[in-house]
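Numbering (the working numbering), first residue to last: 6 to 172. First comes the structure, then the notes that go with it.
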């Protein structure tokens, strides 16, 4: 309930004297810091956390993907963003190395594990090899191609003209 400012019922502007407080409200106890902070009350509603405890709880339970979409610029305070995947869509973030290779006209490819003429016995999904001359097995006819294991078959990529290998 609010009372109009400046009226006799507006207690905010008046200086209260001891006799102005009704006996049923008045207490003979001073308000201590324990009372003001609800210290010793086990109710979780009154639990106080330090800033560090609150930050630790947020860090442990909130992922960036859980946050709402930003509505203003994100200041990284001169910190780097690292661990970006290779961009595959126009809106994907790109590393400086990727941008530099595009500017230089390089046909960037994922790295290969080795140069082989025979498929390895137990490839892991994503393993890539440069197929060399006199290929055998599933690689016959794919000399100078890049062979990548997709989990069940070899997928071959013929490098664009001018592809350069870096050791």
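Backbone N, C-alpha and C define an ideal beta-carbon position, used for all residues, glycine too. Remember, it's a predicted structure, so these values are computed and weren't measured experimentally.
Quick one, are the C-beta atoms of residue i and residue j less than 8 Å apart?
i           : j           : result
residue 144 : residue 124 : yes
residue 131 : residue 159 : no
Smallest Cα separation from residue i: which of the options?
i           : options             : result
residue 116 : 134, 99, 102 and 80 : 134
residue 85  : 91, 154, 101 and 94 : 101
residue 1   : 140, 127 and 61     : The shown model of the chain, from 6 to 172, leaves out residue 1, and the question about it has no answer.
residue 114 : 93, 56, 65 and 66   : 93
residue 128 : 156, 142 and 146    : 156
residue 89  : 99, 95, 82 and 81   : 99
Answer with buried or exposed for residue i, where buried requires no fewer than 16 other C-beta atoms within 10 angstroms of its C-beta.
i           : result
residue 107 : exposed
residue 152 : buried
List the whole-angstrom C-beta distance separating residue i from residue j, where the pair is believed to meet the contact cut-off of C-beta under 8 Å.
i           : j           : result
residue 136 : residue 122 : 7 Å
Would you say residue i touches the ligand GDP, meaning its beta carbon is less than 7 Å from a heavy atom?
i           : result
residue 124 : What this structure holds is no ligand at all, so the ligand GDP is not there to describe.
Please list the terminal residues of the continuous beta strand (DSSP E) segment that includes residue i.
i           : result
residue 152 : 151-154
residue 105 : First-last for residue 105: 101-108, but that is the alpha helix (DSSP H), not the beta strand (DSSP E).
residue 120 : 119-121
residue 136 : 133-136
Taking the continuous alpha helix (DSSP H) assigned at residue i, which residues delimit it?
i           : result
residue 162 : Looking at the DSSP string, residue 162 is not in any alpha helix (DSSP H); the run it does join, the beta strand (DSSP E), is 159-162.
residue 80  : Unbroken run through residue 80: none, as it is neither H nor E.
residue 56  : 56-66
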